[in-house]
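Sequential numbering of the sequence shown, starting at 0, is according to numbering that gives the first Met the number 0.
Even glycine gets a Cβ: it sits at the ideal position worked out from N, Cα and C.
Note that this is a predicted model, so its numbers are computed, not measured.
First comes the structure, then the notes that go with it.
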Amino acid sequence: MTDANEAISPVHNRMPVLLHRDEYERWLHGSFDDALAFQKRTFPPELIVMDRTTELWAKKKANAETPLLL
0 MTDANEAISP
10 VHNRMPVLLH
20 RDEYERWLHG
30 SFDDALAFQK
40 RTFPPELIVM
50 DRTTELWAKK
60 KANAETPLLL
């Protein structure tokens with residue numbers, strides 16, 4: 000995770016580290032310092048398209064007091 004860029008910050012303060020295709024190999028097999036550098040940079044907000052939705056991205060876990068409906 001890294002700090003959100005301008006495209007994501009209206010929704011959340013954090014975002015996944017995003018890579019360009021030519022960076023995959025360095026992310027997977029690079030040094031620890033390479034990984035840190037990816038986390039510290041800001042991915043260009045103009046390359047991100049964000050569509051807001053009302054759908055939840057995760058379902059709430061049922062607790063012991065909530066009956067499960069099958």
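Best match in the options for proximity to residue i [C-alpha to C-alpha]
| i | options | result |
| --- | --- | --- |
| A6 | T52, F42, K58 | F42 |
| E22 | T1, A34, V48, K59 | A34 |
Alpha carbon of residue i to alpha carbon of residue j, nearest angstrom
| i | j | result |
| --- | --- | --- |
| P9 | A57 | 20 Å |
| N12 | A3 | 5 Å |
| K39 | V48 | 21 Å |
| H28 | F37 | 13 Å |
| T1 | L17 | 9 Å |
| K59 | T53 | 15 Å |
| L55 | F31 | 34 Å |
Where residue i falls, given that 16 or more other Cβ within 10 Å makes a residue buried
| i | result |
| --- | --- |
| M14 | buried |
**Study point:** Ordered list of alpha helix (DSSP H) runs contained in the stretch 3-46, each at least 4 residues
**Key:** 23-28, 31-39
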